[in-house]
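Residues 207 to 345 in our numbering are what the sequence shown spells out, letter by letter. What follows is a short report on a single structure.
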Amino acid sequence: MSCTDALRKTLGLSCLLVILLLERTGVVEAQTLTFLDLGAQGEGAGLSMALDAQGVPAFSHINAQSTAVIFTEFTNARWETAIVDSSLGAASRTVLVFVAGVPHIFYFDTVRAQLKHAQRSGSSWTAEVVETAGQSESE
207 MSCTDALRKT LGLSCLLVIL LLERTGVVEA QTLTFLDLGA QGEGAGLSMA
257 LDAQGVPAFS HINAQSTAVI FTEFTNARWE TAIVDSSLGA ASRTVLVFVA
307 GVPHIFYFDT VRAQLKHAQR SGSSWTAEVV ETAGQSESE
């Protein structure tokens, strides 16, 4: 299976097109794309992609087997992966954004009905509950 076919299977066509565009503009080299692995059997669920201030892609997604939120970025000429939150009951989507160069991930824990936010500080991630469905702010 070619690199392009493997990426299409794992990431879906829209993210693949963005990565190929980045490769053609010199942001990411073609040989490094073979090292991006979000896992097998749909482990790239809830995939979100954002570009950092230098235009380098990063991804957030859910590991389907462990239901952990995962962050993947291209650093030091290779893909680096970190577990952001492994305490989920289940999750469906992630949204990745960079604010002042810092990655933030928003996601919904479907079992606990909680909207969560995680941000990286140095090499560690902290997660917080933004809101729980059915609870008012005074609770």
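Note that the Cβ used here is the ideal one computed from N, Cα and C, for glycine as well. Bear in mind that the values here come from a model prediction, so they are computed numbers and not experimental data.
Taking 8 Å as the cut-off, the beta carbon of residue 254 is found no closer than this to the beta carbon of residue 308. Put simply, the backbone Cα of residue 335 is about 21 Å away from that of residue 265. Looking at the backbone, the Cα of residue 340 and that of residue 314 are separated by about 14 Å. Contact check for residue 256 against residue 304 passes: the beta carbons are separated by less than 8 Å.
By the neighbour-count criterion, in which a residue is buried when 16 or more other Cβ atoms sit within 10 angstroms of its Cβ, residue 328 is exposed. Linking residue 289 to residue 259 through their CA atoms gives a straight-line distance of about 22 Å. Its chain contains 338, 339, 340 as the residues whose beta carbon lies nearer than 8 Å to that of residue 319, once the 5 sequence neighbours on both sides are disregarded; these appear in chain order. In the DSSP annotation of this structure, the continuous segment of the beta strand (DSSP E) that includes residue 325 starts and ends at 320–327. Per DSSP, residue 258 has no beta bridge partner at all. Across the structure, residue 278 and residue 286 are spaced so that their CA atoms are roughly 6 Å apart. In this structure residue 317 is in contact with residue 295, their Cβ atoms being roughly 3 Å apart against a cut-off of 8 Å. The beta carbons of residue 291 and residue 251 sit no closer together than 8 Å.
Counting along the chain, the unbroken beta strand (DSSP E) around residue 308 starts and ends at 308–315.
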